[in-house]
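Colleague: Structure below; questions to follow.
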Amino acid sequence: MGIGIQYLTPVGPASLDIGLNPDPDKERDEAQYAVHFSVGMTF
């Protein structure tokens, strides 16, 4: 589950995505959330 935003900049589209892990596995040291930032076209 997550949310993301995209913004058109002069150098190309920029996006910021945040993903939430509702049930992280503590034994595997999984994170509660992850953040991803990118600039450029999505494939």
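Position in the sequence shown counted from 1, then plus 24, gives you the working numbering.
Don't be surprised by glycine CBs; every beta carbon is placed ideally from N, CA and C.
Going straight from the alpha carbon of alanine 58 to that of glycine 64, what length do you get?
Modeller: Going by the C-alpha atoms only, they are around 20 Å apart.
Colleague: Flag this pair as yes or no: are the beta carbons of glutamate 54 and asparagine 45 separated by less than 8 Å?
Modeller: The answer is yes: Cβ separation under 8 Å.
Colleague: Quick check on the DSSP output: the beta strand (DSSP E) that includes glycine 36 runs from which residue to which?
Modeller: Where glycine 36 is concerned, the enclosing beta strand (DSSP E) stretches over 36 to 44.
Colleague: Where does threonine 33 sit, in a helix, a strand or coil, going by DSSP?
Modeller: In the structure shown, threonine 33 sits in a strand (DSSP, three-state: E or B).
Colleague: Rounded to whole angstroms, how far is the Cβ of glycine 28 from the Cβ of serine 39, which I believe are closer than 8 Å?
Modeller: Sure, about 6 Å apart at Cβ, within 8 Å.
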